[in-house]
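So the structure is just underneath, and the comments pick up after that.
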Amino acid sequence: MDWLIPLLGIAHAAIIVAASLRLLLREDITASARLAWVIVLASLPVLGLIAYIAIGEIRLPARMRQRRDAAYAALRAARPDVFEDEDGFAEIPRAMQKPFRFAASVSGFQPMDGNTARFMPREAEAHAALIADIDAARESISLMFYIWLDDGAGSEIAEALIRARKRGVTVRAAADNLGSRKFVKSALWKRMKEAGIQLQVAMPFESIFGISLITRFDLRNHRKLVVIDGEVAHIGSRNGADPEFAPKRAFGPWIDVMLRLEGPVVNQVQALFFVDWSLQEPLSPADLPFRGTARSGGFAAQYHGTGPLERPLSSSQIFCSLFELAQKELVITTPYFVPDNAVANALQSAAWRGVEVTLNLPEVSDSWVVKCASRGHYQALLEAGVRIMEHRPGLLHAKLATVDREVALIGSSNLDQRSFDLNFESDLMVYSFDFATKIHDQQQEYISQSRRVTLDEISGRSKVHKLRDNLVATLGPIL
């Protein structure tokens, strides 16, 4: 048995070398992600290798990329107006165009001029507006939720869709297989299908072990969007569920915001739904109405989607280019903060050059790991001059950013590496002082309900807490 220990040592070294070489040959991840995986593989070679096989790489069936490309090609041929607007960039000063051009390089959607929006930061208003629009639908409804529950709000949305289908409206509804795992097996989902609603389970997986070699089991469609008759869109951070959110009631209420959009950017929301639906079921652009038309006095806006089928690191790049615009003030509202190095550096750089940077997060998080990882970044941010505010009570779930009250972003993306790399996300960027001011005012309301985190507080943590937070932050690219 004397040979066993040397053999295990050789196997250990071989695993580390082989996996490290694989990591070094990859060009779709950051250096920090490579380092995190090397640490795990060196510390836990067997478990680390199993973890790397399961979640170390973003694997998707080749047919998904082929269908994505075919869907975009069909859209460009049938509806080139969804992608290009000669007035879109003209309405945005050249100095402010950088993030819009980055986003256009991902989905291909350019800014569209002539949009209007109703900003709805209250749950009751957002829910009532959505139900009213569904009940007023004449021809078509397209809907995608990450989380859909069989609770009060979720059931009311489903019942409204059933009523619409009974009126002869074509209804297509999709729900993420992980976020809505109970709902897609519920009696209500079955009733929706029996009513004639076309249903789709996004990102389906059989089991963790059944497809781990083909597709990552934890990929999610995190988008939240509804399009009515191709004319009106609802987008934002709200899912199809009550704000109390029964599965995690202890952290509620979830605090969300929604937009009711009209104008040509609605066509881009519809287009993104078209592409997502086409990943599983072929669809023609003629099957969906694209009726968003420019409104007098409207603003320039751009809807874009990011995710594992798009260019690697594109989401992080869009955020960085947005933050780099700031000259006076940058305010960010996000429920989950686990930035990559590029985003963390962009925030620190903005603060160092004199921009007033405010980061507003929930004080209590439903994810202990995310909370620790967030705090692992606090010290460097606070030393740079970033103001960190933790909101209470409830879980601040809105995803917002405003730059100098000129550019605003609202959507589904969190400022974390899951949203950057793994989730299918969608966000709206707007160039408009009036619109950005509305978003900014709501952010200030959240900040008024928050407490400020101080450098002394973070520096004074025990060594155990510092070790925990910094270790989790280091492993952030994996976790």
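Everything in the sequence shown is counted per this note's numbering, starting at 78 for the first residue and increasing by one. Idealized CB from N, CA, C, for every residue including glycine. Owing to the predicted nature of the structure, the values given are computational and were not obtained by experimental measurement.
Which residue wins for smallest C-alpha separation from residue i, given the options the options?
| i | options | result |
| --- | --- | --- |
| L458 | F166, A150, A427 | A427 |
| R469 | F328, V446, A95, L101 | F328 |
| V278 | E358, V507, R244 | E358 |
| Q456 | A172, V117, S373, L544 | L544 |
| V343 | G462, H381, P416 | H381 |
| V94 | S442, S109, L118 | L118 |
| E271 | D306, D253, A235 | A235 |
| S489 | L102, A450, G384, L424 | G384 |
| A237 | V484, L532, V303, N500 | V303 |
| A568 | S109, F367, A485, L532 | Outside the displayed range of the chain (78 to 556) lies residue 568, so it cannot be described from this structure. |
| D498 | L137, P198, G340, K262 | L137 |
| L436 | S391, A421, C449, V446 | A421 |
| N192 | S509, T551, T531, L532 | S509 |
| K243 | L124, T551, A214, K175 | A214 |
| V446 | Q174, T370, T551 | T551 |
In angstroms, rounded to a whole number, what distance separates the CA positions of residue i and residue j?
| i | j | result |
| --- | --- | --- |
| A147 | R249 | 20 Å |
| L98 | A88 | 15 Å |
| F260 | W266 | 7 Å |
| D212 | A310 | 14 Å |
| T247 | W354 | 14 Å |
| Q519 | A478 | 11 Å |
| E321 | G471 | 9 Å |
| R240 | A203 | 19 Å |
| S361 | P439 | 42 Å |
| G165 | D190 | 5 Å |
| G287 | P188 | Confidence at G287 is low in this model, with a pLDDT of 46, below 50, so the placement of that residue is unreliable and no value is reported for it. |
| Y223 | R300 | 6 Å |
| E308 | L349 | 15 Å |
| R145 | L386 | 8 Å |
| H542 | E163 | 54 Å |
| A155 | P324 | 43 Å |
| I285 | R388 | Interpretation of I285 is limited by its pLDDT of 48, a score under 50 that renders its predicted location unreliable; the figure taken from the coordinates is listed afterwards. Distance between the alpha carbons of I285 and R388: 26 Å. |
| F196 | T107 | 36 Å |
| R111 | L126 | 14 Å |
| S120 | A423 | 31 Å |
| N500 | A128 | 19 Å |
| Q275 | P366 | 16 Å |
| E460 | F186 | 38 Å |
| R199 | P330 | 12 Å |
| L338 | E534 | 42 Å |
| S184 | E216 | 27 Å |
| G374 | G340 | 11 Å |
Which of the three DSSP states, helix, strand or coil, is assigned to residue i?
| i | result |
| --- | --- |
| F186 | coil |
| I224 | coil |
| Q394 | helix |
| S503 | strand |
| Y508 | strand |
| Q494 | helix |
| V432 | coil |
| S314 | coil |
| H474 | coil |
| D253 | strand |
| E321 | coil |
| H299 | coil |
| V248 | strand |
| A377 | strand |
| S219 | strand |
| T107 | coil |
| P170 | coil |
| V463 | coil |
| R529 | strand |
| Q404 | coil |
| S157 | The residue you asked about is not Ser; residue 157 is Pro in the sequence shown. Three-state result, P157: helix. |
Do residue i and residue j have their CB atoms nearer than 9 Å?
| i | j | result |
| --- | --- | --- |
| N298 | Y413 | no |
| T410 | L473 | yes |
| I516 | A377 | no |
| M221 | A251 | yes |
| Q379 | L505 | yes |
| Q345 | V549 | no |
| V565 | A475 | Nothing can be reported for residue 565: it is not among the residues displayed for the chain, which extend from 78 to 556. |
| D443 | Q494 | no |
| R464 | A513 | no |
| G453 | D546 | yes |
| L255 | D295 | yes |
| M466 | R529 | yes |
Examine chain C for any beta-carbon lying closer than 9 Å to the beta-carbon of residue i, and answer yes or no.
| i | result |
| --- | --- |
| N491 | Any reference to chain C falls outside this structure, which holds one protein chain only. |
Report task. Decide if the region 534 to 544 is in contact with the region 197 to 209; the criterion is three or more beta carbon pairs, one per stretch, under 8 Å apart. Result -> Verdict: no, contact absent.
Query raised in the report: Okay, do the region 390 to 410 and the region 418 to 437 touch, 3+ Cβ pairs below 8 Å being the bar?
Result: A contact exists between the region 390 to 410 and the region 418 to 437.
Query - Three CB pairs or more closer than 8 Å across the region 516 to 528 and the region 392 to 400 - result: A contact is defined here as three or more CB-CB pairs under 8 Å, and the region 516 to 528 fails this definition with respect to the region 392 to 400.
Query raised in the report: Is there contact here, the region 308 to 325 with the region 225 to 242, by at least three beta-carbon pairs under 8 Å?
Result: Touching, yes, given that three or more Cβ pairs across the two stretches are closer than 8 Å.
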